[in-house]
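Chemist: Using my numbering, read the sequence shown as starting at -8 and increasing by one per residue.
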Amino acid sequence: MRIKRRLPVLFGFLLLVAALALAVTLRKHAPPEPARLLPGADGFVYVDLKWMRWSNVASHLPAVPQDQDYEQFIQATGFQFERDLQQAAVAVHYATPQTGGATRFSEVFIARIDGDKLRAYLKKLASSIEDYRSISIYNIPFEDRTVRVAILGVNTVAVSNHNDPTVIRGIIDRSRKLASPFGGPLLLRQFYKHVPLASLAWGIFHMPPQSTPSKAASDTFRLPFEQDATIVGSVRYLGAVHFRAEAFTASEQAAEQLTQQANVFLGIFQSAEISAGGQTPDTDIKKALASLKIEQKKDRTVLTATVPVELIRKIVAEAPKEVSPGPQR
């Protein structure tokens, strides 16, 4: 009789454990919450700055110069991107008639913000303010387009310069729903599982073939062969900065073609860099070039590289100091 009484309890416990394990597994493969709020798009980029600061990737980098407009923004809002931004998720909308023939962007930022100061600043810039589901959408004219900004919560801001005002409304709608690992744009749901764990930054882009009549965001996004593909790139910090990019193609034949072409380009690039560097190239550059590797894995072309942190510091330190972060839109 005792065994019969314990069976339902044991069965219930096992169901609870199984449910928790399933939830952890789904969450593990779910894109970060800011990315799941984004609209459908042709490409996505995500950066986790709080982990970058924790891992000390950017330590001892020179201070970022500030131009007058950015300084005024800091004074008005108390917000500094390099200090207060924690997470950033960006959706890239390739140029189409729906975007007015230009590449557009939608973003969700997680940051430490002073809501009252930011609202006052946005109110001064906005030509109009729309109320949607008790959220104010600030319509800010900039050059030939309208930038729409919405404060979703105490630490979350959404921005979009897409022509269609329903894009930012959709972000607001999703922010009002319970977080779900099954949510998010279709491209993310299909390919986020290929992003390595502990990635500090990653990007997922659909690459239309060159023969496609519609223009993509830029010719630099085009692949060197006439095949449809999706690129998944990621950056991890494991003592050094590890970069990985996978091109998912339609077939093994397409992947083989891309791998061969990429290796030819890589060989030319490495030779040019060594020649430009003279007889004694920088040790860190030499290590980074030596680490570059391109190989085929079934229907994928995989590029990997390891970049010493010191090389990143050198590149940033040697950047022209007169370059300053002007308006981004």
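Note that beta-carbon positions come from the ideal geometry of N, C-alpha and C, so glycine has one too.
Mind checking whether the beta-carbon of W42 lies closer than 7 angstroms to any heavy atom of the ligand ATP?
Modeler: The ligand ATP is not part of the structure shown, which contains no ligands of any sort.
Chemist: Starting from the Cα of E134, find the closest Cα among A93, Q181, F239 and give me that residue.
Modeler: Among A93, Q181, F239, the Cα nearest to that of E134 is on A93.
Chemist: Suppose contacts are defined by Cβ-Cβ distances below 8 angstroms. Is A241 in contact with I222 by that definition?
Modeler: No; because the gap between Cβ atoms is not below 8 angstroms, this pair is not in contact.
Chemist: Could you say which of V83, N146, T250 lies nearest to L179 if we only look at CA atoms?
Modeler: Considering only alpha carbons, the answer is V83.
Chemist: Measuring alpha carbon to alpha carbon, tell me which residue in D122, V298, I128 is nearest R225.
Modeler: According to the sequence provided, residue 225 is Ser. The question's Arg does not apply to it. Among D122, V298, I128, the Cα nearest to that of S225 belongs to V298.
Chemist: Would you mind giving the Cβ-Cβ distance between P176 and G34, rounded to the nearest angstrom? I have them listed as a contact below 8 angstroms.
Modeler: About 10 angstroms separates the two Cβ atoms, so there is no contact after all.
Chemist: So which of D155, A192, I259, F100 has the shortest CA-CA distance to P88?
Modeler: Of the candidates D155, A192, I259, F100, the one whose C-alpha sits nearest the C-alpha of P88 is D155.
Chemist: Hey, out of Q287, V148, D273, whose CA is closest to P281's CA?
Modeler: Sequence check: residue 281 is Ala here, not Pro. It is D273.
Chemist: Which residue comes first and which comes last in the alpha helix (DSSP H) that contains S282?
Modeler: Segment 274 to 282, the alpha helix (DSSP H) holding S282.
Chemist: Anyone know if the C-beta pair for I142 and V150 falls short of 8 angstroms?
Modeler: Not in contact: I142 and V150 (Cβ atoms no closer than 8 angstroms).
Chemist: Would you call A208 buried or exposed, if buried means 16 or more other Cβ atoms sit within 10 Å of its Cβ?
Modeler: Annotation note: pLDDT 41 at A208 (below 50); position unreliable, no value reported.
Chemist: Suppose the cutoff is 6 angstroms on Cβ atoms and the five residues either side in sequence are ignored; what does the same chain contact list for S118 look like?
Modeler: Taken in chain order, the residues that qualify are N130, P132.
Chemist: Assign I306 to buried or exposed, taking buried as 16 or more other Cβ atoms, counted over all protein chains shown, within 10 Å of its Cβ.
Modeler: Answer is exposed; the Cβ neighbour count stays below 16.
Chemist: I need the straight-line Cα distance from N152 to D39, nearest angstrom please.
Modeler: Distance between the alpha carbons of N152 and D39: 23 angstroms.
Chemist: Hey, T68 and L109 are a contact pair by Cβ (cut 8 angstroms); roughly how many whole angstroms apart?
Modeler: Between L109 and T68 the Cβ distance is about 5 angstroms, and since that is below 8 angstroms, they are a contact.
Chemist: Mind checking R124: buried by the 16 CB within 10 Å criterion, or exposed?
Modeler: Per the 10 Å Cβ criterion, exposed.
Chemist: In the structure shown, what three-state DSSP assignment does F70 receive?
Modeler: It is coil, neither helix nor strand.
Chemist: Tell whether a beta-carbon distance below 8 angstroms holds between R139 and P187.
Modeler: Cβ atoms of R139 and P187: not closer than 8 angstroms.
Chemist: Roughly how many angstroms separate the alpha carbons of A220 and Q66, rounded to a whole number?
Modeler: Going from the Cα of A220 to the Cα of Q66 covers about 45 angstroms.
Chemist: DSSP three-state call for I303: helix, strand or coil?
Modeler: If DSSP states are grouped into helix, strand and coil, I303 belongs with the helices.
Chemist: I think G174 touches R165, with their Cβ atoms under 8 angstroms apart; what is that distance to the nearest whole Å?
Modeler: Rounded, the Cβ-Cβ distance is 7 angstroms, consistent with contact.
Chemist: In angstroms, rounded to a whole number, what distance separates the CA positions of E313 and D58?
Modeler: Because the pLDDT at E313 is just 46, under 50, the model does not fix this residue reliably, and the value given afterwards should be weighed accordingly. C-alpha separation (whole angstroms): 9 angstroms.
Chemist: May I ask which residues mark the beginning and end of the alpha helix (DSSP H) holding D107?
Modeler: Unbroken alpha helix (DSSP H) run through D107: 106 to 116.
Chemist: What is the rounded straight-line gap between the Cα of L28 and the Cα of I162?
Modeler: Their backbone Cα atoms lie some 5 angstroms apart in a straight line.
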